[in-house]
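The sequence shown begins at 105 in our numbering and counts up one residue at a time. Note that beta-carbon positions come from the ideal geometry of N, C-alpha and C, so glycine has one too.
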Amino acid sequence: MKKLIFLSISLILFGACQKEIEFKGNAKANVLVLNGVVENDSVFSVFLERSSFFLSSEVSGANEISSGALLKVTNLTSGEVFTMTQSTVGNRYDFPFVTAPNTRFKIEVSHPSYPSISSEMTTISKVNITSVDSVTVIKNQENRMKVNFKWNDPSEENYYMVRIKQAVSAPDFEYTEYLYMESTDPSIDNSNNTDIDGSVYPVNSYLFDDKKFNGQQKEIDFVCSYYYPNNDPLNPVTEIISCELISMNKETYLYYVSMQANVESDFFSEPVKVLSNIKNGFGIFGTLNYSVKKL
């Protein structure tokens, strides 16, 4: 794959000639970072930390904020207000209510050492998978699993992520992983996972919108690279395949798209800016919902 090729070349180039360069730039002042992607029928939780300079040598977790800040959440639909000054555990703040769909929230965070931040978003209704099915197919002389998803897309704008999780357990081992998959469906954008020769390589999640099927029943196939566990009577194996359809609001979708593009950008290309909807800070204040069916 092209990214592996670029990485190998860069390691050779930089390994052959090493020189320590003094950083003479100005590190920007730290700001608050809020990460809160809430789910319907779950506790309303957010995580709070401060930004840190990318060349910082501070230990992991040193930038987490567990006290000293005032977090205020306003339910703009009902008018209720909730505040917290102490985290529930670590840097996670669990507010004393369960998230409801189609509700608008505003969050405001103040801290004596950093600029105050704020954001607003509206929770969405859950979109449920109506059915999933699978069949074994042959590709490149190897067994693959083709998984079919079906759901009814609501008439408004909708944004999705699809993942397929395999969980395998036996008396002497167990593992869980998201399967790598491919799709040629016209609603899927493969531009970020297309090799230099034009071939599409598999990824373990797909993000897409409903512009090409808005308000319709959607059916889509994914072909997965799949490990078939041997079922030894002396070492019985249990396997669960879970198909996930994750619906989210536009801000959350754009955040994940920018995160994915940033991670997958070439070594020599300009880094992709990760989207944030936090005023005066960084992070994401969004919403998503999981619909899961097992094969």
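Asked: For Ile-345, I'd like the list of residues in its chain whose CB is within less than 6 Å of its CB, leaving aside the five on either flank, ordered along the chain.; Found: Gln-270 and Leu-399
Asked: Pairs of beta-carbons, one from the region 199 to 208 and one from the region 164 to 172, closer than 8 Å: are there three or more?; Found: no
Asked: How many angstroms separate the CA atom of Pro-275 from the CA atom of Tyr-330?; Found: 21 Å
Asked: Between which two residues does the beta strand (DSSP E) holding Asp-325 run?; Found: 321 to 329
Asked: By Cβ distance, which residues of its chain are closer than 6 Å to Ser-214, with the 5 residues on each side in sequence left out?; Found: Leu-174 and Ser-220
Asked: Grouping DSSP H, G and I as helix and E and B as strand, with all else coil, what is Leu-138?; Found: strand
Asked: Using DSSP with H/G/I as helix, E/B as strand and the rest coil, what is Val-361?; Found: helix
Asked: Is there a C-beta anywhere in chain B that falls below 8 Å from the one on Cys-328?; Found: Among the chains of the structure shown, chain B does not appear; only one protein chain is present.
Asked: Out of curiosity, what's the CA-to-CA distance linking Ser-170 and Glu-153?; Found: 8 Å
Asked: Glu-355 by DSSP, collapsed to three states: which one?; Found: helix
Asked: If we ignore side chains and look at the alpha-carbon of each, how far apart do Pro-216 and Asn-384 end up?; Found: 14 Å
Asked: As an exercise, report each continuous beta strand (DSSP E) stretch of at least 3 residues that is fully enclosed by the region 172 to 260, in chain order.; Found: 185 to 190, 196 to 202, 208 to 215, 218 to 226, 233 to 243 and 246 to 256
Asked: Can you tell which of Glu-348, Val-361 and Glu-261 has its C-alpha closest to the C-alpha of Ile-324?; Found: Glu-348
Asked: What did DSSP end up calling Ala-271 once you bin it into helix, strand or coil?; Found: strand
Asked: Can you tell me the Cα-Cα spacing of Asn-393 and Asn-144, whole angstroms?; Found: 6 Å
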